[in-house]
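Count along the sequence shown starting at 1, add 914, and that's the number in this note's numbering.
Even for Gly, the Cβ is constructed at its ideal location relative to N, Cα and C.
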Amino acid sequence: MEEKVVNILLVEDDEVDIMNVQRAFRKNNINNPLHVAHNGLEALEMLRSGSVPMPPIIILDINMPKMNGIEFLQEIRKDPALNRLSVFVMTTSNEDSDKINAYNLNVAGYILKPLSFEKFLSAVATLDRYWKLCERP
């Protein structure tokens, strides 16, 4: 059986965090295409314009300029073409209000960015196992 290519959209404004995700993908032998948007507005434009293949999975930061993660979630949940996307929040925000808002907007998970790269590798490996287990129609 041929494995389906699962595109992933990373919505993250911090270049170091982007490089860490890319590095964690390589170290975990995750070969999924990773597309990057630097804020929620850019991500919405990418999704709505079709400039990237529709990613069933989004990794989303909360604290970003122009349109933060919660605002982005509100937008995609209102959009019938985007509202079924699986979104994992990966952020430094440990604020209860951010967690509550994110879960109220149906995120698949809320991951605090770990301080060490080893913990970050583990978090990305967990994401990989999750999306391999989930069969997407």
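| Check | Outcome |
| --- | --- |
| How about THR1005 and ILE976: are their beta carbons less than 7 Å apart? | yes |
| With C-beta atoms as the reference, is VAL950 less than 7 Å away from ILE932? | yes |
| Within the same chain, show all residues whose beta-carbon is closer than 6 Å to that of PRO947, passing over the 5 residues directly before and after it, in chain order. | ASN921 |
| I'd like the list of long-range same chain contacts for ALA1039, defined as Cβ closer than 7 Å, with 5 residues on each side in sequence excluded. | ASN942 |
| At the level of alpha carbons, what is the spacing between VAL1003 and GLY964? | 22 Å |
| With a threshold of 6 Å on Cβ separation, who are the neighbours of PRO1051 within its own chain once the five nearest residues in sequence on each side are excluded? | Model confidence at PRO1051 stands at a pLDDT of 47, short of 50, so the residue's coordinates are unreliable and nothing is read from them. |
| Buried or exposed: which applies to ALA995, given that a residue is buried once 16 or more other Cβ atoms fall within 10 Å of its Cβ? | exposed |
| Which residues bound the beta strand (DSSP E) around MET1004? | 1000 to 1005 |
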